[in-house]
Amino acid sequence: MMIALIAIGAYLLGSLPFGKWIAAARGIDIMREGSKSIGATNVWRTLGWKAGLAVFLLDAAKGFIAATAGGMIPRLFENNSTFSHELALLMGASAVLGHSASIFLGFKGGKSVAAALGVLLSISPEVAGLSLLVFLIVFGICRYVSVGSLCGVVSAPIFAAAFHYSWVIVLAYAVLAALIVYRHRANINRLMKGEEYKFSKQSSTTEAHGP
32 MMIALIAIGA YLLGSLPFGK WIAAARGIDI MREGSKSIGA TNVWRTLGWK
82 AGLAVFLLDA AKGFIAATAG GMIPRLFENN STFSHELALL MGASAVLGHS
132 ASIFLGFKGG KSVAAALGVL LSISPEVAGL SLLVFLIVFG ICRYVSVGSL
182 CGVVSAPIFA AAFHYSWVIV LAYAVLAALI VYRHRANINR LMKGEEYKFS
232 KQSSTTEAHG P
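Numbered per the numbering used here, the sequence shown spans residues 32 to 242.
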């Protein structure tokens, strides 16, 4: 029962729509602007890099806090010094689900890239760092945030396997990657049609994507 209640708390934490709230503070309904996403890229495009970076960090923090709290359950309640990767995954996944399907937004949400990165950072910082590096390299080459994000998340289970993490973690990362790929299906469709926008500092109309 306690685990279920904490998982619900992690989901509610993940549901906090920081992108919508930050935009609303500026008098803008972000779900009516650009890609209509509450994620960092759409906020960046609409309100500038400071707001976009704030949303990215806050969304990543949701995943990090949920996963870290989950992993520390044995220390807090069982007098056990072990960090539980399994509970960290459960709570982190609950937060990612909350971000993707926020109860505060009628079960709509973002694409969960930043929230998932926070989960990776808590459980496997080296995997998070390498996945972020993949994103930066791919994005730097093609200027598509969606392509960089997809390459980054798909690389996560590969890096986890390379670092000999348990099959549970590798499988969980693969499931997270599949969820994020699914959330990017509109972006993939636009890429196939040659209609996806490249990120541009000069243009306020960039890519229809938000992590």
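We treat Cβ as the ideally placed atom computed from N, Cα and C, and that holds for glycine. Since the model is a prediction, treat every value here as computed from it, not as a measurement.
- In the pairwise beta carbon analysis, the region 180-198 is classified as touching the region 208-217: at least three pairs are separated by under 8 angstroms.
- The beta carbons of Ala146 and Val127 sit about 5 angstroms from each other, so the pair counts as a contact at 8 angstroms.
- Uninterrupted alpha helix (DSSP H) stretches at least 4 residues long and entirely within the region 121-165 occur at 144-154, given in chain order.
- Beyond the five residues adjoining it in sequence on each side, Lys51 comes within less than 6 angstroms, by CB distance, of Ile61, Ile69 in the same chain, given in chain order.
- In terms of Cα proximity to Ser125, the closest of Ser115, Asn110, Val86, Gly94 is Gly94.
- Pairing Ser155 with Tyr196 gives a Cβ-Cβ distance under 8 angstroms.
- Proximity to Gly123 across Ile34, Trp75, Arg76, Leu161 peaks at Ile34, based on C-alpha coordinates.
- Distance from the Cα of Phe138 is smallest, within the candidate group Glu226, Ser46, Gly58, Ile189, for Ser46.
- By alpha-carbon distance to Ile96, the top candidate from Asn110, Leu118, Thr113, Ala205 is Leu118.
- Of Cys173, Leu44, Leu151, the smallest CA-CA separation from Ala203 is found for Leu151.
- For Ala56, the closest alpha carbon among the candidates Ser143, Ala82, Asp90 is that of Ala82.
- Counting only residues of its own chain and dropping the five nearest sequence neighbours on each side, Ile200 has a CB closer than 8 angstroms to the CB of His116, Leu120, Ile154, Ser155, Ala191.
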